[in-house]
Amino acid sequence: MPTNAVFDPAYRFWHLRRFWQLCLIPPMLGILFATLYPPNITGIATPFGASILMAIWASGAALYLVLWPRVPLEVLALSLTLGLCVAVAPAIALIHPSLLALMLLTLPAIGFALVLWSNRMLCGLLFVGPGVGRHFSTSGLSDLCPERVIMALRIDANLDGPMFRTGPIARDGTFPLCFPLPPEIQLIPQSTNTPTDPQHGGWDCVARIVDESPFHQLQSLIPLSEPHKETRVLLRAEPHGNGSRVWMDEFETGLPLGCALIFGLIGLQADYLRARIDHAQGDPSPAIRWATPSSPLKLFLRWMAQEKAAAR
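Set out below in structure tokens:
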């Protein structure tokens, strides 16, 4: 984690509040489905049982998102699993109470399998939907004046920083660009077999400055893996009190619907802008971008993989 990163639970929860609200829906739907059965079978459909269940889940989901904000899909997978278990529990108890007891005993294993399946399904759904043009806009406050903050945030050739790295400019005015992650939070372990991985020094896209002034910069980014797509990023600043308000507008082409929805729910663009502004000012940053992309599920899977490798 970068030295200027700070742990701010309030920022993380407020930033992910919309996603947290989404994670409350599946258990609520499961409770509503459970009301189709007599409420005294499991007690889930009673006002008291439903209130206790939702209070525990709401608190647990909030804690999970605060501690491991980089893996929000795991919380949604847990939510779907809980909603399914709540929905089928009365039906199983109606068949025979012993089946419900058996389900409760095997719930950890069942839940783990469902969470893994749900998580993979949700990751796949991110890329479902037509790839059409989409516009994202966010803003943030800076203590710097508009000219200074644009100068600090603008991209150019031959830059090397924690937010992005660029290469030399070509004759056509383009230059390579990548968004490296610090070694502490790399998603892929360092390997000599993948020297061109974007997280290890390779390039993500080709960038070009379309237009700029002391108060704005318009950038064009074309992914190397998908040259038919283009993202235009407009950075602009205006005076606000003793500092400035910075706007970031992204015009995407070909972004799938699932990615657009998740980006909006987790506020990816706003968090990225916050990280850039904090870095430009040299301030401590609570940005989720700097959080470790780990979780109990990832640690458990890593342990299982190590045990499996040791057993061979």
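Numbering (our numbering), first residue to last: 2 to 313. Here a beta-carbon is modelled for each residue, glycine too, at the ideal position from N, C-alpha and C.
Asked: Euclidean distance between Cα positions of ASP144 and VAL247; Found: 10 Å
Asked: Every unbroken alpha helix (DSSP H) inside the segment 206-292 [4 residues or more]; Found: 258-267 and 269-282
Asked: Sequence-distant residues of its chain with Cβ nearer than 7 Å to LEU17 (five each side left out); Found: LEU66, PRO70, PRO73 and ILE267
Asked: Cβ contact check for the segment 45-63 and the segment 109-118: 3 or more pairs under 8 Å; Found: no
Asked: DSSP beta-bridge partners of ASP161; Found: ARG166
Asked: Residue from CYS179, LEU123, ASN243 and CYS146 with nearest C-alpha to CYS260; Found: LEU123
Asked: Candidates PHE301, CYS179, GLU253 and LEU142: closest to ASN243 by CA position; Found: LEU142
Asked: Local conformation of PRO10 per DSSP, three classes; Found: helix
Asked: For ILE223, the nearest candidate out of PRO177, SER296, SER138 and THR36 (CA to CA); Found: PRO177
Asked: 7 Å Cβ cutoff met for VAL207 and THR254; Found: no
Asked: Residue of LEU274, LEU54 and ILE45 minimising C-alpha distance to LEU25; Found: LEU54
Asked: Host alpha helix (DSSP H) of LEU33 (start-end); Found: 26-35
Asked: Where THR82 falls: helix, strand or coil (DSSP); Found: helix
Asked: Short Cβ contact (7 Å threshold) for ALA59 with ALA46; Found: no
Asked: Status (buried if at least 16 other CB within 10 Å, exposed otherwise) for GLU148; Found: exposed
Asked: Separation of ILE289 from TRP15, as counted between CA atoms; Found: 11 Å
Asked: Opening and closing residue of the alpha helix (DSSP H) in which PRO48 lies; Found: 48-68
Asked: Inter-residue CB distance, ILE151 and HIS217 (contact presumed, cutoff 8 Å); Found: 7 Å
Asked: Residues of its chain near LEU85, where Cβ-Cβ distance is below 8 Å and the 5 sequence neighbours each way are ignored; Found: PRO27, GLY31 and LEU115
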